[in-house]
Structure formats: C-alpha cells, structure tokens
Amino acid sequence: MQDSASLHLTPERRMLQEAAREFAMQEVLPLANRLDPARADMPRSLIDQMARLGYFGITIPESEGGMGLGCFEYCLVAEELSRAWMSVGSIIARGNSFMGSQLFTPEQRARVMPRVASGEYLGALALSEPATGSDLASVACRARRDGTGWRITGAKYWCTFADGADFIFLLARTAPPADPRRKHVGISAFLVDKPRGSFPPGLSGSPIPKIGYFGWKTWELAFDDLFVPGEALIGQEGEAFAAFSRGLESYRAHTAARSIGLARGALEDALRYAQERVQFDQPIAQFQAIRFKLAQMATDIEAARQLNYHVCSQIDSGLRCDAEAAMSKLFASEMSERVCSDAMQILGGAGYTTHYAVERYWRDARLTKIFEGTSEIQLRIISDRLLGRVPG
Ligand SMILES: Cc1cc2nc3c(=O)[nH]c(=O)nc-3n(C[C@H](O)[C@H](O)[C@H](O)COP(=O)(O)OP(=O)(O)OC[C@H]3O[C@@H](n4cnc5c(N)ncnc54)[C@H](O)[C@@H]3O)c2cc1C
Numbered sequence: 127m128q129d130s131a132s133l134h135l136t137p138e139r140r141m142l143q144e145a146a147r148e149f150a151m152q153e154v155l156p157l158a159n160r161l162d163p164a165r166a167d168m169p170r171s172l173i174d175q176m177a178r179l180g181y182f183g184i185t186i187p188e189s190e191g192g193m194g195l196g197c198f199e200y201c202l203v204a205e206e207l208s209r210a211w212m213s214v215g216s217i218i219a220r221g222n223s224f225m226g227s228q229l230f231t232p233e234q235r236a237r238v239m240p241r242v243a244s245g246e247y248l249g250a251l252a253l254s255e256p257a258t259g260s261d262l263a264s265v266a267c268r269a270r271r272d273g274t275g276w277r278i279t280g281a282k283y284w285c286t287f288a289d290g291a292d293f294i295f296l297l298a299r300t301a302p303p304a305d306p307r308r309k310h311v312g313i314s315a316f317l318v319d320k321p322r323g324s325f326p327p328g329l330s331g332s333p334i335p336k337i338g339y340f341g342w343k344t345w346e347l348a349f350d351d352l353f354v355p356g357e358a359l360i361g362q363e364g365e366a367f368a369a370f371s372r373g374l375e376s377y378r379a380h381t382a383a384r385s386i387g388l389a390r391g392a393l394e395d396a397l398r399y400a401q402e403r404v405q406f407d408q409p410i411a412q413f414q415a416i417r418f419k420l421a422q423m424a425t426d427i428e429a430a431r432q433l434n435y436h437v438c439s440q441i442d443s444g445l446r447c448d449a450e451a452a453m454s455k456l457f458a459s460e461m462s463e464r465v466c467s468d469a470m471q472i473l474g475g476a477g478y479t480t481h482y483a484v485e486r487y488w489r490d491a492r493l494t495k496i497f498e499g500t501s502e503i504q505l506r507i508i509s510d511r512l513l514g515r516v517p518g
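Okay, so the sequence shown: first residue is 127 according to the working numbering, each after it adds one.
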C-alpha cells in the first residue's frame with residue numbers, strides 16, 4: 127500500500143522506516159508465521175539482530191549509547207515491526223519507553239542506559255498485580271529497608287518477558303498511603319537484577335495462559351523477601367508514581383503505532399487476497415462491498431497514523447499531551463481490532479484459519495484495547511480533560 131505523504135517524514139525518517147520495513151518483512155514475518163502458531167518464544171538471535179540495528183536505544187541520547195532520536199522515530203520502527211509481529215514491535219519498549227522516563231537520576235542513567243541501548247541489558251515491567259490493574263496507585267507489593275538494601279514481598283501479575291529479561295522494573299510500596307485520596311504517594315521504583323532465562327532465589331513465577339501475544343511469555347510472579355541492594359532503588363523513594371506517569375504519553379504513542387502496524391498487516395493481506403480470490407467469475411476485489419471495505423480500512427489506518435504522528439511530534443517538542451496521547455491510543459487500538467476483523471471477513475473462511483496471518487493480527491489487536499491502559503481508561507483521561515475530574 128502507498129505510504130503516507132507527510133511533511134513529518136524527512137528523508138532520514140524514511141530511510142529508518144525503509145530499513146525497519148525490510149527487516150520486518152524479511153526476518154520477522156517468516157519467524158512470526160512459524161513461531162506464533164507453535165506459541166514459541168522469539169529466538170535470542172532475533173533480539174540480538176535488533177540490538178545491532180540500535181532498536182533498543184532509539185530514544186536514548188547518543189551520549190548514553192543510543193541513537194538520540196525521538197518518539198517519532200521510535201513509533202515509525204514500532205509500526206514496521208508490528209506489521210510483521212506485534213511482540214517484536216513491543217520488545218523494543220524494553221529500551222525506549224521506560225528508559226525515557228524521568229525517574230532516573232543522572233548517575234543511574236550513566237550506569238544503566240548504555241547497557242540498555244546496546245541490548246545487552248533488557249528489562250521486563252512489573253506494575254500490575256492480581257488486584258491492581260487500571261488503578262495502578264493501589265500497588266500492594268511491598269519493599270522494606272534491610273541494612274543497606276531492600277526486601278521485596280508481594281505478587282505481580284502480567285509481567286511479560288520476566289524470564290528472558292536481565293532485570294525487572296518494579297513498582298512497590300515503601301510507605302503506606304497517609305491519605306487514601308493520595309494513594310500514589312509512597313510508591314517507589316526498583317530495578318531488580320536477575321539472571322537471564324531464570325529467576326533468583328526469593329522470586330518464582332508461572333506463565334499465564336493467554337490467547338495471543340505469543341513469542342514471549344507473560345508471568346505471574348511471587349516475590350518472597352527478595353533482597354536487592356540499595357542501588358536498585360530508582361529515583362526518589364516514595365515518589366516514583368508521578369515521575370513514571372509523566373512517561374506514559376510515549377507508552378501510549380507506542381501502543382498506537384503497534385495497533386497501526388497490525389491493521390496495516392491485515393489490510394495488506396486482505397488486499398492481496400481480494401485480488402486473487404475469484405467468486406462468481408471475478409476477483410472478489412471487483413465487488414463494491416469488498417472495495418468499499420478496503421477503502422474504509424485504509425482511511426481508518428491513515429487517520430490513526432496521522433494522529434499518532436501529531437502526538438509524537440508534540441512529545442518530541444517537549445509539550446505535555448496526555449489527552450491527545452490517550453486519544454491516539456484509544457482511536458488506533460479500536461480501529462485496529464475493527465480493521466483486522468474486516469480483513470478476516472474479506473478472507474472468508476480462510477481468515478478463520480491459522481493458514482493466514484490475519485487471525486494473529488486480530489488476536490493481537492484485541493490486546494491493544496486492554497493493555498497500556500484500557501480503552502475505558504483512555505476515555506476517562508480524555509473526559510477528565512474535557513470536563514475536569516469528577517468523583518467516582
Ligand atoms: C497479554 C498481557 C500482557 C501484559 N503485560 C504487562 C506487563 O508486561 N507489565 C504489566 O505491568 N502489566 C501488563 N499487562 C497488564 C495490563 O496493563 C492490564 O491488564 C491492564 O492495565 C488492565 O488491568 P486489569 O486487567 O487488571 O483490568 P481491570 O483494571 O480490572 O479492569 C477491568 C475492566 O474494568 C474497566 N475499568 C476499570 N476501571 C475503570 C474506570 N475507572 N472507569 C471505567 N472502566 C473501568 C476496565 O476498562 C476493564 O474493562 C498485560 C496484560 C495482558 C493481557
């Protein structure tokens with residue numbers, strides 16, 4: 127399909143986009159088509175290839191070993207990778223999203239960022255808990271001081287890549303909330319080092335059976351008095367929540383880009399199929415019902431992409447855009463599931479088989495409405511901007 131004409135797409139950005147597209151279509155897509163049906167993990171060699179391309183450090187400054195680019199470039203690459211396999215478009219967040227957060231002190235950045243940017247030190251994110259999802263300020267996992275370090279106790283849920291990661295980025299409560307209306311105070315962030323491929327004593331886990339987002343596992347974790355050294359505390363004690371929340375705009379932009387990549391994959395596959403499949407003596411692409419569906423899908427994708435470009439530009443200009451980022455995430459993820467479902471319809475029965483990738487796009491698109499803040503939470507953020515906060 128023809129690329130977006132956008133003033134935002136400078137020659138440098140187009141080059142990055144084209145390189146990511148070539149990598150995605152030649153290296154990632156064949157692996158996705160083979161490994162997703164087997165529910166197998168993506169190979170380390172693929173992660174290493176992405177590391178060599180610099181994809182874990184797109185937004186990390188050059189002085190810290192990264193590419194020194196912005197959220198725009200990060201999302202361009204994420205769209206391309208997700209067009210092939212969303213899990214691969216997601217793994218680059220290990221470097222770009224939470225490393226861009228304002229939590230880290232300069233000393234911590236100097237220690238951690240070069241290793242993250244190079245791909246040798248990759249993380250998993252442990253925010254959610256069995257009883258804490260959308261209301262993240264309710265985290266109950268605790269960390270208490272013990273000599274020079276900390277002891278962590280509690281349960282975490284939905285921690286993707288916990289096994290393969292070199293560290294787990296964790297939110298834990300270090301002080302009980304003094305005021306129930308200010309639950310976010312007293313939450314601290316930790317980087318918990320762990321061996322790649324296993325869990326240390328004091329940490330155990332089991333994979334959660336999920337219906338998509340294959341290529342890596344998503345874990346339920348139990349921290350049982352796990353000791354971490356003092357330097358594992360990131361940023362200021364008890365103040366992680368606000369600093370972390372300020373980085374959520376780029377998380378949402380990234381999820382919008384992933385949604386757009388999935389929808390594009392579905393559209394491109396449906397376009398090809400509609401021109402090859404013959405019924406009533408003509409390619410089904412000749413039927414107006416199919417042509418108009420394709421046209422609507424392309425229009426929806428382009429609208430989502432342009433909104434995402436706008437949000438990325440705002441983020442890169444240093445402007446706050448929490449409501450716009452929520453709109454972009456909401457619009458793109460809702461669009462993506464709809465477009466992937468329409469693509470399945472165009473493929474008819476073939477779309478409901480694992481012979482075609484459209485069913486993978488659809489399963490993964492379904493998730494984009496749930497994680498990184500559900501659609502309802504995005505609507506809440508947007509309506510807060512419109513109406514001001516209302517109780518309840
Ligand atoms: C495959 C997968 C991978 C994930 N990976 C990670 C990860 O790596 N790290 C991590 O920390 N988390 C991860 N998550 C967790 C994800 O971010 C949460 O599932 C998500 O934030 C929603 O939380 P919840 O599932 O507890 O739903 P809940 O918060 O329990 O919500 C249930 C329903 O209630 C609605 N709802 C909740 N509050 C409101 C409200 N105020 N107004 C209106 N409606 C509301 C929600 O929109 C939803 O429809 C992952 C989840 C999945 C499914």
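Cβ coordinates follow ideal geometry from the N, Cα and C atoms, glycine included.
- Under the rule that a run must span 3 or more residues, the beta strand (DSSP E) segments found entirely inside the region 305-350 read 313-319, 329-333.
- Partner residues in the beta bridge of Arg-299, as assigned by DSSP, are Arg-268, Ile-313.
- The beta carbons of Ile-360 and Phe-149 sit no closer together than 9 Å.
- Cβ atoms of Asp-174 and Tyr-247 stay farther apart than 8 Å, at about 13 Å.
- Here the region 175-194 makes contact with the region 236-252; the two share three or more CB pairs at distances below 8 Å.
- Just measuring C-alpha positions, the residue of Gly-356, Leu-251, Met-151, Ala-389 sitting nearest Thr-300 is Gly-356.
- Residue range 275-286 is occupied by the beta strand (DSSP E) that includes Gly-280.
- Contact annotation: Thr-185 and Glu-199 have beta-carbon atoms nearer than 9 Å.
- The Cβ atoms of Gly-331 and Leu-317 lie no closer than 9 Å to each other.
- For Leu-374, the enclosing alpha helix (DSSP H) stretches over residues 374-402.
- The DSSP-derived three-state label of Thr-480 is coil.
- Here Ala-379 is buried. Its C-beta has 16 or more other C-beta atoms within 10 Å.
- When rounded, the separation of the alpha-carbon atoms in Ala-476 and Lys-495 is 25 Å.
- Secondary structure at Ile-184: coil, using DSSP grouped into helix, strand and coil.
- Around the CB of Val-404, fewer than 16 other CB atoms lie within 10 Å, so the residue is classed as exposed.
- Relative to ligand 1, Trp-284 has its C-beta within less than 8 Å of a heavy atom.
- Relative to ligand 1, Glu-402 has its C-beta separated by 8 Å or more from all heavy atoms.
- Here the alpha carbon of Asn-222 sits roughly 34 Å from the alpha carbon of Asp-305.
- Annotation: Gly-249 is outside any alpha helix (DSSP H); the continuous beta strand (DSSP E) that includes it extends over 249-252.
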